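Heads up: the structure comes next, in structure tokens.
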Amino acid sequence: MKTGSELIQLELRKFVAPEYIFGIKARLSAGNFCRQLGGKKVLLVTDSGLIKTPWINEVEESIVKAGCNFVLFSSISPNPRDYEVMEGVDYYKQNKCNIILAIGGGSVLDAAKGIGIVSTNHLHISAFEGVDKIERPMPPLICIPTTGGTAADVSQFAIINNYGERYKMAIISKSVVPDVALIDPEILTSMNPFLTACTGIDALSHAFEAYVSNASSPVTDLYALEAIRLIHVNLLNSYRHPEDIQSRGKIMLASLYAGLAFSNASLGCVHALAHSLGGYFDLPHGECNAILLPHVVDFNFNSASDRYSHIAKSLNLPISGLSKSQIRCALTDYLKSLNHSLGIYSSLSDKQVKSVDIPILSTKAIKDPCNATNPKPPVRRDLEVIYSEAM
Amino acid sequence: MSEEWKKYRDKIIGLGEGSSRKSYYPELQDKIEELEASRNNLLTIINSISDSIFIHDQTGKILLLNKRAQELYQISEEEFDSLTIMDVSSKISDYTLLFNIWQDAINGISCVFEWTSVCAKTLEEIPAQVSINSTIWNGEKVLVAVVRDFRERKKYEEELITARKKAEENDRLKSAFLANISHEIRTPMNGILGFAELLKLPDLSGDRMMNYIQIIETCGARMLTIINDLMDISKVESGQMSVFLQNTLLNVQMDYIFNFFYPEAKSKGLELIKITPPWAKTTVLYTDKEKLIAILVNLIKNSIKYSHQGTIKFGYTIKEQCIEFFVKDTGIGISKEKIDQIFERFIRGDHEVSVRYEGTGLGLSIAKAYVDMLGGKIWVVSELGAGSTFYFQLPSNKDQ
Chain A
0 MKTGSELIQL ELRKFVAPEY IFGIKARLSA GNFCRQLGGK KVLLVTDSGL
50 IKTPWINEVE ESIVKAGCNF VLFSSISPNP RDYEVMEGVD YYKQNKCNII
100 LAIGGGSVLD AAKGIGIVST NHLHISAFEG VDKIERPMPP LICIPTTGGT
150 AADVSQFAII NNYGERYKMA IISKSVVPDV ALIDPEILTS MNPFLTACTG
200 IDALSHAFEA YVSNASSPVT DLYALEAIRL IHVNLLNSYR HPEDIQSRGK
250 IMLASLYAGL AFSNASLGCV HALAHSLGGY FDLPHGECNA ILLPHVVDFN
300 FNSASDRYSH IAKSLNLPIS GLSKSQIRCA LTDYLKSLNH SLGIYSSLSD
350 KQVKSVDIPI LSTKAIKDPC NATNPKPPVR RDLEVIYSEA M
Chain B
0 MSEEWKKYRD KIIGLGEGSS RKSYYPELQD KIEELEASRN NLLTIINSIS
50 DSIFIHDQTG KILLLNKRAQ ELYQISEEEF DSLTIMDVSS KISDYTLLFN
100 IWQDAINGIS CVFEWTSVCA KTLEEIPAQV SINSTIWNGE KVLVAVVRDF
150 RERKKYEEEL ITARKKAEEN DRLKSAFLAN ISHEIRTPMN GILGFAELLK
200 LPDLSGDRMM NYIQIIETCG ARMLTIINDL MDISKVESGQ MSVFLQNTLL
250 NVQMDYIFNF FYPEAKSKGL ELIKITPPWA KTTVLYTDKE KLIAILVNLI
300 KNSIKYSHQG TIKFGYTIKE QCIEFFVKDT GIGISKEKID QIFERFIRGD
350 HEVSVRYEGT GLGLSIAKAY VDMLGGKIWV VSELGAGSTF YFQLPSNKDQ
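These protein sequences, in sequence, are chains A and B.
So in numbering that gives the first Met the number 0, spot 248 of the first sequence is number 247, and the numbers just go up one at a time.
So in numbering that gives the first Met the number 0, spot 324 of the second sequence is number 323, and the numbers just go up one at a time.
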């Protein structure tokens with residue numbers, strides 16, 4: 000633990016976050032915020048799975064109560080596809096919407112960001128791939144996350160699947176930070192255990208990568224370590240007791256912390272590898288992260304051993320007196336056993352990945368901007384090795 | 000770390016260009032300025048237009064009016080929001096029609112129609128052409144009425160109608176005049192030719208011959224009068240008639256006229272009386288003597304023509320600035336309908352009159368034209384069946 004006398008980083012930094020409301024029933028203030036942001040016609044973005052939950056009706060009612068109109072757009076698949084974004088833009092324009100309210104997991108929130116970007120910038124979504132490519136602000140965006148992990152509701156990231164070329168485009172810009180995030184732990188009770196596990200590990204990867212990022216900062220560190228601690232203590236319980244609202248709340252909070260951390264410190268190789276993998280095989284993002292995280296920790300460890308040791312301490316791992324390589328093993332073992340306790344046993348080969356795919360995956364992965372902040376700058380060959388180890 | 004990744008890293012952590020959080024403010028500010036400028040332009044245009052513009056809701060309540068409307072209908076900016084379109088419409092307006100027009104306009108069918116508006120203060124009626132369209136005002140469908148002041152146009156229309164009537168009347172009178180004048184010329188001409196033919200008879204007595212020659216002379220004189228009248232009026236009309244002013248001893252002229260008409264009056268059994276102020280025997284008027292005589296001759300000739308008994312009095316009185324002449328008869332008089340037109344060319348009282356009495360109808364218009372030329376005025380007081388009195392005044396210009 001820090002004593003307060005260590006040297007801190009004084010490099011120029013900036014911290015960006017939306018206005019966020021955290022707590023039970025936060026979702027019900029959606030209509031109020033629509034009105035406050037000048038909304039007249041709301042594009043309500045969600046997916047077909049969520050339409051069956053009570054959340055959508057409640058949110059619709061609050062929109063109407065606030066005196067706004069809305070149209071519903073729900074043609075979004077997991078790992079949202081570029082053409083789905085473009086369809087959403089057409090729908091937005093046809094219905095003369097002027098504000099976007101997204102309620103869903105990372106896929107829905109990212110698709111909503113994509114719709115927002117294109118609706119004011121009038122180019123295909125692929126034109127915005129990369130960092131700071133968005134010139135005009137998108138319409139006001141309100142996000143209600145339904146999973147405890149993605150943190151797209153607070154981040155400056157939007158990941159859209161380039162369906163033709165089978166990879167995930169990372170769109171990174173302060174322009175895609177939503178205006179308002181309504182973070183409601185109650186909503187998490189509708190997640191099944193597998194989704195709870197995957198999104199929990201996603202949040203954990205966010206915190207890990209943000210903490211060891213070469214762009215980390217004292218502010219992001221604070222959030223990253225607290226997120227790791229909360230997940231460590233509560234994820235298993237939340238997985239085993241889906242109705243435990245305290246556990247759900249803590250995971251939701253952890254997801255928010257991890258989001259604030261990674262949005263401002265960025266990520267690393269786990270996400271670079273997962274974007275390529277998930278895009279190519281259309282796999283759940285959280286599961287990809289869960290499989291890859293231990294191997295990336297292994298790869299990075301020597302470049303950020305102090306930071307990883309801090310993490311190990313936060314996880315209450317018994318590391319005093321251990322050598323660096325012993326700590327590395329302790330950490331990777333912890334991650335693997337956490338996966339197992341959450342029912343994630345898979346390796347990449349279980350996901351039908353063949354060794355011949357690895358060069359393709361790593362060629363795509365090395366182009367991902369997330370590599371830029373990995374503590375150890377990778378080359379393509381490094382990524383191939385990590386994929387191979389995860390087979 | 001490669002340079003490219005270093006660049007990425009810096010951008011992601013928000014230190015590069017364009018890395019600010021999204022902000023609508025610059026664009027909104029531009030839009031607000033644009034809107035303000037365009038609103039000002041619009042207001043300038045609206046207030047520069049010479050038509051009145053009202054924006055009002057579907058009940059007629061006025062929401063905005065331009066400068067021209069404020070001036071024309073005398074409505075100040077403070078009071079217009081308590082007024083409706085009905086306050087600037089004539090009391091006898093058909094409001095059902097108006098509401099139908101408004102409803103159509105709201106449904107996208109614009110309309111142009113004529114309407115009698117009134118000034119809110121003076122209640123002066125202002126005929127207007129109104130063009131109605133619908134627009135949006137504070138989120139509500141309302142109406143824009145562009146109101147064109149038609150007062151001038153109505154005036155021109157009325158003048159045109161009067162002028163047309165007058166032209167038609169003139170045309171009719173000219174035809175009647177032509178028919179009349181042909182008759183007037185033919186009658187003495189027939190006399191001349193007829194009696195000239197009779198003069199050729201071999202055994203014509205001296206008395207008869209003298210009688211015929213006298214008739215021919217009378218007819219010739221009558222024709223000359225007609226021709227002189229025609230020439231005079233045409234000279235007056237073409238502006239070729241000139242005025243020759245000189246000192247004129249009025250009583251000398253009165254005597255001359257009395258002597259001139261005495262035989263004719265007597266032969267018709269009428270008494271001719273000359274009335275001049277006894278104390279003004281040497282009254283001198285600086286005027287055109289010939290025209291003065293012509294005026295009096297025309298008036299007395301008419302009096303004799305239209306009187307069958309009684310007296311014809313003529314003369315003058317001295318007023319402060321002028322001499323007032325009069326010719327009073329006990330003749331057939333002039334009807335009320337005709338009295339205003341009696342000095343116009345070719346008018347000769349009623350149709351019946353023109354059939355019964357010879358004449359061209361130019362006498363009075365020549366008299367009036369001469370009075371006008373001499374700077375005076377002429378009028379008549381008359382009662383049908385009781386007689387007429389013609390008056391005219393000529394300025395007594397003492398600077399001779």
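From the three backbone atoms N, C-alpha and C, an ideal C-beta is built for every residue, glycine too.
It should be emphasised that the depicted structure is a prediction, and the values quoted were computed from it without experimental measurement.
Check, Outcome
"Proximity test, Cβ basis, 8 Å: Lys10/B and chain A", "yes"
"8 Å Cβ cutoff met for Glu124/B and Thr115/B", "yes"
"Simplified DSSP state of Asn132/B, which is helix, strand or coil", "strand"
"Other residues of its chain near Leu197/B: CB distance less than 7 Å, five sequence neighbours each side excluded", "Tyr211"
"Element boundaries [beta strand (DSSP E), containing Arg147/B]", "139-148"
"Simplified DSSP assignment, three categories, for Ala385/B", "coil"
"Interfacial residues, the segment 369-389 of chain A to chain B, with Cβ spacing under 8 Å", "Asn370, Ala371, Thr372, Pro376"
"Nearest residue (CA-CA) to Thr45/A, options Thr195/A, Ala110/A, Val355/A", "Ala110/A"
"Contact check, Phe391/B vs Gly375/B, beta carbons under 8 Å", "yes"
"Distance between Met85/B and Ala29/A (C-alpha atoms, nearest Å)", "47 Å"
"Contacting residues, own chain, Cβ-Cβ under 6 Å from Ile143/A (five flanking each side not counted)", "Arg26, Ile102, Leu181"
"Reference Leu363/B; option with closest CA among Ser381/B, Trp278/B, Glu343/B", "Glu343/B"
"DSSP bridge partner residues for Gly314/B (one or two, in chain order)", "Ile274/B, Phe325/B"
"Which of helix, strand or coil DSSP assigns to Ser157/B", "In the sequence as presented, Ser is not what sits at residue 157/B; that position holds Glu. In this structure, Glu157/B counts as helix in the three-state DSSP scheme."
"Reduced DSSP category for Arg221/B - H, G, I as helix; E, B as strand; rest coil", "helix"
"Span of the alpha helix (DSSP H) around Met253/B", "249-266"
"Thr45/A in three-state terms, based on DSSP", "coil"
"Terminal residues of the alpha helix (DSSP H) in which Ser47/B lies", "24-47"
"Interface residues of chain B facing Ile171/A [CB-CB closer than 9 Å]", "Tyr7, Lys10, Ile11"
"Status (buried if at least 16 other CB within 10 Å, exposed otherwise) for Ser204/A", "buried"
"Trp4/B: contacting residues in chain A (beta-carbon distance under 7 Å)", "Asn370, Ala371, Pro376"
"Chain B contact for Asp403/A (CB, 8 Å cutoff)", "With chain A covering 0 to 390 only, the question about residue 403/A has no answer from this structure."
"Inter-residue spacing [alpha-carbon to alpha-carbon] between Glu128/A and Ser348/A", "29 Å"
"Cβ pair Ile331/B, Tyr369/B closer than 8 Å", "no"
"Beta-carbon proximity check, Ser275/A vs Leu140/A, cutoff 8 Å", "no"
"8 Å contact criterion, which Cys369/A and Gly267/A should meet: CB distance rounded", "6 Å"
"CB contact check: Asn263/A to chain B, cutoff 8 Å", "yes"
"Asp281/A versus Leu259/A - alpha carbon distance", "26 Å"
"Through-space distance from Val175/A to Val295/A, alpha-carbon basis", "27 Å"
"C-beta contact flag for Thr399/A and Leu49/A at 8 Å", "Nothing in the structure corresponds to residue 399/A, since chain A is present only between 0 and 390."
"Local conformation of Ser51/B per DSSP, three classes", "strand"
"Contact set between Ser1/B and chain A, taken where Cβ atoms lie within less than 8 Å", "Pro376"
"Short CB-CB distance (under 8 Å) between Asn213/A and chain B", "yes"
"Closest by C-alpha distance to Ser395/B, when choosing among Leu244/B, Asp328/B, Lys312/B", "Leu244/B"
"Proximity test, Cβ basis, 8 Å: Tyr72/B and chain A", "no"
"Cβ pair Ile184/B, Ile225/B closer than 8 Å", "yes"
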